[in-house]
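In mature numbering (1 follows the signal peptide of the UniProt record, and there is no 0), the protein residues as written are -19 to -1, 1 to 149.
(1) If you scan the stretch 5 to 92 from start to end, which runs of the beta strand (DSSP E) of 3 or more residues do you find wholly inside it?
(2) Using only the alpha-carbon positions, how far apart do residue 115 and residue 130 sit?
(3) Assuming residue 82 and residue 98 form a contact by the criterion Cβ under 8 Å, report the distance between their Cβ atoms to the nearest whole angstrom.
(4) Here's a check: name, in chain order, each residue in its chain whose Cβ is nearer than 6 Å to the Cβ of residue 137, leaving out the five neighbours to either side.
(5) So which of 93, 107, 43, 47 has the shortest CA-CA distance to residue 120?
(6) Between 95, 27, 122, which has its C-alpha nearest residue 76's C-alpha?
(7) If I measure Cβ to Cβ from residue -17 and keep anything under 6 Å in the same chain, skipping five residues before and after, which residues do I get?
(8) In terms of DSSP beta bridges, what is residue 126 paired with?
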């Protein structure tokens, strides 16, 4: 099982399991979330993208731990498809590979010959969370932070040259 599959299973479990545990009675929260990405492309090599982001949140003392963690996991889960997990277009081969595939629709092959065109990609995702309980000036609060980093790339089968992507 890949690391990304495990992350998605954890998110799916937390979203369903946490939903039944989070029954807020009273509380307040404040959160900030976002992501930043960079990427590049080069004809004949492929396309790549790298992103990082996350959420910072504060919750009042009345907010139960199950609600804090469910809120964090749901926020991360909502952000990941936009920046890490590819959509259908990202899984398609690059234009030059499609051109090669389409060529054989028109021309065909001679008897006894074959042509194989390979393409694919890569995804990598990491995430982590931290929840801090504190008492300051007589006020009890819970602070939480979650973040993620991910990268993806696609292109023709690697022939020794790397897909154009700078990973920081």
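Quick reminder that beta carbons are idealized off the backbone N, C-alpha and C, glycines included.
In this structure, then:
(1) If we require 3 residues or more, the beta strand (DSSP E) runs fully inside the stretch 5 to 92 come out as 10 to 23, 27 to 41.
(2) If I take the Cα positions, the gap works out to 27 Å.
(3) Distance from residue 82 to residue 98 at the Cβ level is roughly 6 Å; contact confirmed, criterion being Cβ atoms closer than 8 Å.
(4) 78, 100, listed in sequence order.
(5) Of the candidates 93, 107, 43, 47, the residue whose Cα lies closest to the Cα of residue 120 is 43.
(6) Residue 27 holds the alpha-carbon nearest to the alpha-carbon of residue 76 among 95, 27, 122.
(7) Model confidence at residue -17 stands at a pLDDT of 42, short of 50, so the residue's coordinates are unreliable and nothing is read from them.
(8) For residue 126, which the question treats as bridged, DSSP gives the partners 37, 111.
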